[in-house]
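K.L.:
First residue of the sequence shown: 0, per numbering that gives the first Met the number 0; consecutive thereafter. C-beta atoms are modelled at their ideal positions from N, C-alpha and C, and glycine is treated no differently. This one's a predicted model, so the numbers in the text were calculated from it and none came from an experiment.
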Amino acid sequence: MKEKDIIPDEIGWNILIGACSKSGMLHHCQYIVNQIPSNILIKIRTQNALIDMWGKCGSIEKAKNVFNLVVDRATLTYTAMINAFGLNGMGSQAAELYREMPNHLRDHVSQICVLNACSHAGLLHEARTIFNEISLKTESIITT
């Protein structure tokens with residue numbers, strides 16, 4: 000892209016971030032992030048993608064740093080961070096963040112992520128407590 004003077008827009012950068020997150024290669028991810036213009040880095044969709052990417056690359060500190068920069072956190076922001084904790088064996092932190100998440104932002108995806116995080120960390124009591132608090136249990140939540 001550099002050779003052809005192609006400058007990605009927000010969508011293009013988010014696609015690149017998604018591709019990097021699939022590679023799990025920390026140095027590639029950091030290289031891409033270093034190229035992103037600051038006006039794109041402050042966009043919530045980009046920040047959510049970065050939280051997801053850093054979590055998948057095992058850089059939970061970088062994911063937390065981005066999460067802490069998000070001013071108006073949406074459901075996806077919380078869910079990405081909860082999932083990042085879960086992917087890195089940090090079930091307690093995932094459950095703690097889920098509890099801090101405003102109730103009106105919780106959805107079946109965030110619930111599945113926190114239940115998976117607790118389950119994989121062996122926090123069965125915590126998972127059961129959260130499961131019992133969920134009022135609308137979809138099939139995907141029940142099978143989690």
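Out of SER134, GLU132, GLN92, GLU99, which one is the CA nearest neighbour of LEU122?
P.N.:
Comparing Cα positions, the closest option is GLN92.
K.L.:
Measuring CB to CB, does ASP106 end up less than 8 Å from THR128?
P.N.:
No, they are not a contact pair.
K.L.:
Just to check my reading of the structure: VAL69 and GLN46 have Cβ atoms closer than 8 Å, yes? What is that Cβ distance to the nearest angstrom?
P.N.:
Right, their Cβ atoms sit about 5 Å apart.
K.L.:
Evaluate ASN102 with the Cβ neighbour count: other Cβ atoms within 10 Å of its Cβ, from every protein chain shown; 16 or more gives buried, anything less gives exposed.
P.N.:
So ASN102 ends up on the exposed side.
K.L.:
Taking 8 Å as the cut-off, decide whether the C-beta atoms of LYS55 and GLY23 are in contact.
P.N.:
Yes, they are a contact pair.
K.L.:
In its own chain, which residues sit with a C-beta less than 8 Å from the C-beta of LEU104, not counting the 5 before and 5 after it?
P.N.:
Excluding positions up to five away in sequence, the list reads ARG72, ALA73, THR74, TYR77.
K.L.:
Check CYS56 in the structure and name its three-state DSSP category.
P.N.:
Three-state result, CYS56: coil.
K.L.:
My understanding is that MET52 touches ILE16, with C-beta atoms under 8 Å, so please give their C-beta distance in whole angstroms.
P.N.:
Rounded, the Cβ-Cβ distance is 5 Å, consistent with contact.
K.L.:
Report buried or exposed for ILE41, applying the criterion of at least 16 other Cβ atoms within 10 angstroms of its Cβ.
P.N.:
With fewer than 16 other Cβ atoms within 10 Å, it is exposed.
K.L.:
Compare the C-alpha of ILE50 against each of ASN87, ASN115, ALA94, HIS124 and name the closest.
P.N.:
Among ASN87, ASN115, ALA94, HIS124, the Cα nearest to that of ILE50 is on ASN87.
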